[in-house]
Structure formats: structure tokens, C-alpha cells
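In our numbering, the protein residues as written are 3 to 79. Backbone N, C-alpha and C define an ideal beta-carbon position, used for all residues, glycine too. Right, one structure below, let's go through it.
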Amino acid sequence: MPLPMQLPPETAWLVPLLLVGVLLSVIVALVVLHFVRQLAEPDELQSRVESLEDEVETLRESQSETEENEESQPNSD
């Protein structure tokens, strides 16, 4: 007497197929969710870009001041 959860041999191949389908669906959903989250946070990226631009500007100003100081001092050689 077969168990109630046991599938007939003709349809037994459906179980691995369903498991693979569910696994692929979960993977696709996670990938889509990852990209949607990245697209939903442009403000954070924009603020990081602005912060880096400010830092570059500060470094350029510091470098130009250093060069001006070096030019204004006579060489002692």
C-alpha cells in the first residue's frame, strides 16, 4: 500500500524540476532585489560623489598653496 505522499513513477521527475524552478526563482528574485535597491539609493551615491569632489578640491588647494610656498622661499643650495 503506497504512502499518501508518494508520487507515481510517471510523475516522479516533476519533483526535481519543481525544486530547480523554485531555486532559480529565488535566485532571480534576489538579483532583481539587489539591483532595485541600488537604483533606489541614488541620493547616497550622489552625496558620496559630492564628498569626494570636495575632498579633491581641498587637496588641490592644499597642493597649490604648498607649491606657492615653495616658490616664494629661495633655495638655500
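**Asked** At which residues does the alpha helix (DSSP H) containing residue 18 begin and terminate?
**Response** 16 to 42
**Message:** For a test of the three-state rule: what should DSSP assign to residue 8, helix, strand or coil?
**Reply:** coil
**Asked** Rounded to whole angstroms, how far is the Cβ of residue 17 from the Cβ of residue 9, which I believe are closer than 8 Å?
**Response** 7 Å
**Item:** Euclidean distance between Cα positions of residue 30 and residue 56
**Value:** Between residue 30 and residue 56, the C-alpha separation is close to 38 Å.
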